[in-house]
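Just so you know, we're using the numbering used here here: the sequence shown kicks off at 737 and counts up by one. What follows is a set of notes on a single structure, which appears directly below.
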Amino acid sequence: MSLHSLLPAITAAAEPRPTGGAETGDIIVVGALINLVIGLWLLLIYRYRSGGAAWLRWLSTHAERVTRVPGWAVLPGAGAIAGALITLTGATWDIGLHIDVGRDEGPLGTLAHWPMLFGLEFIFMMGLLAIVMSPTAPAEQSPASIRIAGWTLPAGAVLLTAGGAFSLLGFPLDDLWHRTFGTDVTLWGPTHTMFIGGIAAAGTGALLLIAEGARVRGYDPFSGLFSWLMPVGSILAALFLYLTTAVLHEFNWGVPQYRGVWMPYFLALGGAFSMVLARQLSGRWGAFRALAVWLPVQALITLFVGEVVDTTPPAMPLFIAQAVVVTALGWRGDWQRPLRFALVAGALCGLAGFAFDYAWTQVAYPLPWQQGLIAEGLPMAVAAALAAAVLGALMAAALRGETARFARPLAAAIASGAVLVGLALNASVVSAPDGLTAAISVSNVRDVKIAHRGETHTVGEVNVRLSDPDLARDGIWAYVLAWQGNGRVHAKLIEQADGSFRSAGPIPIGGDWKSFVRLHKGRTEVAAAVRMPGDEAIDFAGFPAPTSGAAVRPMVRDTELLQIERKPDGPYWAWKPAFIFVIAFDLSLFVLMGFICVRLGRSQRQPPRHRERAGTSVGGAVVAA
């Protein structure tokens, strides 16, 4: 049954915003700007290749003098990392705007799109620069270089350029997607995941490019701080912490659109992978070094979103438990069997991380974890952490040229990847049984100030009588959500003596606010509208707030309400193929990442001139005094 066939009579429609793709004029402007910037950049790097662009040569020379890494590596590598941070900041801001005010008005509709667009473009430009600056003198070339079309390119430059191109391609494809299927106000749309996958590959490529340059100079970039500016192992692990946080932003804002088990899955995956990687690359304190890189920057981004641009800020995970257990486990040096170390570290990360995250969500998150999540969430977290820890150990071993310490590294990588894919498929299974209803009424209507901005809004307590009240008991969440009215409000559903439920606090029911009763138990995830304004742009009648008696509302898959802008008659046969294409391309980037890590590790022809202090673990062994 279609949701649109169940809609009641309309309330007054709000002023419509565009949907189904950007205005043609906006596309022309954005396309012209992108082409202009890239065209000027191509002209600049052509001049550089021809012996000109003196200021770029000066910048490269001074960057090399400061970092002791060749300019062809450090300049595009550091530039790409800066571009990734700009992009992630803009994306966080953009998500906050979607949470607070709903869909935007195209690529020029919000200021948040500008750092996203030019951050992605800058990453791609740094990839082009890395290709053009690739050294031609054999003495300066990295042993890991790859020969492509007559060019000898650093391996990191190949990954950086591929990831940058893929993420930038997501921008025009995103508009095409919206034109075809309507605006899907969710982070996990296929074109949105292109940004994340592309940044993961490009950011990793940028750091591996710096590592290549360091090895050309005879430094080991992963054993200690060969440069005060470039703790490469720590930044590499921190990059994956940034991406884990970004992937979970819908959960961080308390507006998850997919099953609750995704959150412990991704926290376990990102935490175990990053901490094991950091420990194996950067020694005893590697995990805490990664936290020291990630935590301040993530906190600054959160403060920027919440305080500077005045949107509702997200909550933040901490990954402290994972850092503690990995550091404690490896305190006396790495075990001679890195696979065994990874499995034990993964199990501990899964268990301790889940316990810590459960407690942390009670304090810091708008939608805390409930006991109903434990039965499936804890095994998911442990299994994901086990697989991710193995992959983190494999990546570290590959970068150090020590994959021989694994009996079958390729088999271990494939098995771990298969476990993660299987867990993801399990988390993707959602049900929304037919025939569920909610009798909803709103009482105690009044005007109050919403805490976030101090604006006055019409609010009321929501009363709910469910056709299946068991769905609201001992599940993963049962609450009332209001969003996109210039803020976001949560209120837990509390059971009453007569078996009905009541919101724990007032819910906005006027203006642009959309409010829903949301229930999630096991694989069932449904919602019923409390109040939704009409929307002429999508021919949506709306749901009036039932302030004079109860209204019986259907409970449907909650994405039907949260993503009401989707076109009901789009070519949805193409939906899954599009997802498969994007995921396949993302996976191909990760395969390329693994290939380049192995290639870089095998290329260590020069012993490092700078070693860690005596007693420090290097690649699984302890350096003697």
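The beta-carbon is built from N, C-alpha and C at its ideal position, and this holds for glycine as well.
Secondary structure of residue i, DSSP reduced to three states
| i | result |
| --- | --- |
| L1114 | helix |
| A880 | coil |
| A809 | helix |
| K1303 | coil |
| A745 | Residue confidence for A745 is low, a pLDDT of 35 falling below 50, so the modelled location carries little weight; the figure read from the coordinates is stated next. A745 falls in the coil class under three-state DSSP. |
| M861 | helix |
| G1270 | strand |
| R1347 | With a pLDDT of 40 at R1347, under the threshold of 50, the modelled position of that residue is not reliable, and no figure is offered here. |
| V1061 | helix |
| W887 | strand |
| N1222 | coil |
| G934 | helix |
| A1360 | Low confidence applies to A1360: its pLDDT is 34, below 50, so where it sits in the model is not reliable, and the reading given next is rough at best. Coil at A1360, not helix or strand. |
| L847 | coil |
| L1323 | helix |
| L1202 | strand |
| G1241 | coil |
| V872 | According to the sequence provided, residue 872 is Thr. The question's Val does not apply to it. The answer is coil: DSSP assigns T872 none of H, G, I, E or B. |
| W1213 | strand |
| D1275 | coil |
| P1145 | helix |
| T1283 | coil |
| I770 | helix |
| R1020 | coil |
| A1264 | strand |
| L1255 | strand |
| D1183 | strand |
| V1354 | Low per-residue confidence applies at V1354: pLDDT is 34, beneath 50, and the placement is therefore not dependable, though the value from the model is reported in the following sentence. It is a strand residue. |
| P1169 | coil |
| G1153 | helix |
| E1191 | coil |
Residue i classed as buried or exposed, judged by whether at least 16 other C-beta atoms fall within 10 angstroms
| i | result |
| --- | --- |
| E1043 | exposed |
| W998 | buried |
| E1272 | exposed |
| R953 | buried |
| H834 | buried |
| I715 | Past the boundaries of the shown model lies residue 715; the chain is included only from 737 to 1361, so the question cannot be answered. |
| A820 | buried |
| Q1390 | This structure cannot settle anything about residue 1390, because the visible part of the chain is limited to 737 through 1361. |
| V991 | buried |
| I822 | buried |
| V1184 | exposed |
| Q1107 | exposed |
CB of residue i within 8 Å of CB of residue j, strictly
| i | j | result |
| --- | --- | --- |
| V1045 | G1086 | no |
| G1246 | H1193 | yes |
| A1134 | G1337 | yes |
| L864 | T897 | yes |
| T1186 | G1153 | Note that residue 1186 is Ile in the sequence shown, not Thr. No, they are not a contact pair. |
| Q1220 | D910 | no |
| T1173 | V1262 | no |
| N678 | A1051 | Because residue 678 is not part of the residues shown, which for the chain are 737 to 1361, the question remains open. |
| W1096 | L1054 | yes |
| A1059 | M1011 | yes |
| G813 | A936 | no |
| F907 | L853 | yes |
| P1304 | I1176 | no |
Candidates the options, of which the one nearest residue i by Cα
| i | options | result |
| --- | --- | --- |
| V1195 | L1202, R1201, V1225 | V1225 |
| T1295 | G1270, H1256, T1283 | H1256 |
| L1297 | V921, R785, W791 | V921 |
| I1230 | Y1215, G775, Q1220, A848 | Y1215 |
| V1029 | L1039, P1074, L975, Q993 | L975 |
| M1291 | L1202, R1335, I1274 | L1202 |
| V1041 | P1049, V968, Q1034 | P1049 |
| S796 | R785, G787, V810 | V810 |
| F1315 | A947, S1239, V1080, S1164 | S1164 |
| H849 | T825, I859, G788 | T825 |
| G815 | F860, R793, G838, R783 | F860 |
| R1015 | R1238, W1067, T919 | W1067 |
| I1150 | L1127, R1020, I882, S1167 | L1127 |
| G1094 | D840, V1080, L1114, A866 | Going by the sequence as given, residue 1094 is Tyr instead of Gly. When only C-alpha atoms are compared, the closest one is L1114. |
| L889 | W1021, I971, V868, F902 | V868 |
| I1332 | V805, A893, L778 | A893 |
| L904 | I932, T919, E948, G886 | I932 |
| G1022 | A1083, L1159, L972, L912 | L972 |
Contact test: residue i Cβ vs the ligand NAP heavy atom, cutoff 7 Å
| i | result |
| --- | --- |
| L780 | Absence of the ligand NAP from the depicted structure is noted, as is the absence of any ligand whatsoever, leaving it without description. |
TODO: Pick out the complete alpha helix (DSSP H) segments inside the stretch 982-1009, 4 residues or longer, and give them in chain order.
DONE: List check, alpha helix (DSSP H) in window: 985-988.
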